[in-house]
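K.L.:
Each position in the sequence shown, counted from 1, maps to that position plus 20 in our numbering. Before anything else, here's the structure in question.
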Amino acid sequence: IIVVNNASDDRTGEVARSFSFVKVVDEPRKGLVRARQTGYEASSGELIANVDADTLMPQGWIETVFTEFSTDSKLVALSGPYIYYDLSTITNWLISFWYRMGQIVSFLNTLITKRSGTMLQGGNFILRRSALVQAGGFNLNFDFYGEDTAIAKQMSSQGKVKFTFRLSLYTSGRRLRAEGIFTMALKYAVNFLWTIFFDKPYTKKYKDIRI
């Protein structure tokens with residue numbers, strides 16, 4: 021387990037280092053994608069799982085990952101949805117519908133471009149190292165919005181990208197609460213499409229949201 025301590029000003033690094041099975045890597049340059057790249061460079065395994073903070077991993081998650089990759093040699097990226105443990109059931113239903121819409125857009129893009137899917141959930145995805153090396157690592161031109169779509173596009177040039185509802189993670193919905201469900205849905209949708217068609221994010225700035 022690798023924890024990237026990304027320019028934190030609290031006890032994150034100290035707390036993480038208190039666990040003997042955790043390797044802590046300090047990345048003083050702030051940025052989500054830069055943190056992902058630093059974690060990737062510090063890793064050594066063939067499968068690299070990207071899991072965000074404040075996230076709970078259900079039983080069987082790792083087994084699902086190994087099963088998917090071991091049974092499909094062409095699979096280079098695997099992802100699944102978030103379930104927000106601090107948001108209402110109705111809100112999670114709406115978000116699930118939004119994921120379905122994203123899958124449809126990703127499928128249509130696959131038909132047009134002849135490449136595998138362009139949909140990954142940032143903070144809940146696994147990459148095959150050999151393919152990530154060939155893809156050139158993470159795109160540091162992205163800071164936050166559109167970063168998961170960017171890496172999905174990169175990986176789709178190397179093999180199969182898959183999004184499955186069998187790989188859910190439970191995480192905090194604090195950003196959705198703070199900025200508004202529909203505001204964030206619009207931001208994510210615009211940046212998803214902008215990255216697909218223009219290879220850059222539409223929204224450059226983002227705010228850190230604390231609990």
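We put the beta carbon where it would ideally sit given N, CA and C, even for glycine.
Buried or exposed: residue 150, going by 16 or more other Cβ atoms within 10 Å of its Cβ?
P.N.:
exposed
K.L.:
Could you name each continuous alpha helix (DSSP H) segment of 4 residues or more that falls completely within the segment 69–116, going from the start of the chain to the end?
P.N.:
The qualifying runs are 81–90.
K.L.:
Determine whether the beta carbon atoms of residue 47 and residue 37 lie at a separation below 8 Å.
P.N.:
no
K.L.:
Using beta-carbon positions only, say whether residue 59 and residue 21 come within less than 8 Å of one another.
P.N.:
No, they are not a contact pair.
K.L.:
Taking all protein chains shown into account, decide if residue 49 is buried (16 or more other Cβ within 10 angstroms of its Cβ) or exposed.
P.N.:
exposed
K.L.:
Can you check which of these residues, 167, 57 and 32, is closest to residue 140 by C-alpha distance?
P.N.:
It is 167.
K.L.:
Report back the beta-carbon spacing between residue 164 and residue 226 to the nearest angstrom; my notes put them in contact at under 8 Å.
P.N.:
Their Cβ separation, rounded to whole angstroms, is 4 Å, which keeps residue 164 and residue 226 in contact under 8 Å.
K.L.:
Which residue comes first and which comes last in the alpha helix (DSSP H) that contains residue 210?
P.N.:
201–218
K.L.:
Looking only at its own chain, which residues have a Cβ that is under 7 Å from the Cβ of residue 221, when we skip the five neighbours before and after it?
P.N.:
162, 165, 166, 211, 214 and 215
K.L.:
Determine, using beta-carbon pairs with one atom in the segment 171–187 and one in the segment 79–93, whether at least three such pairs fall under 8 Å.
P.N.:
yes
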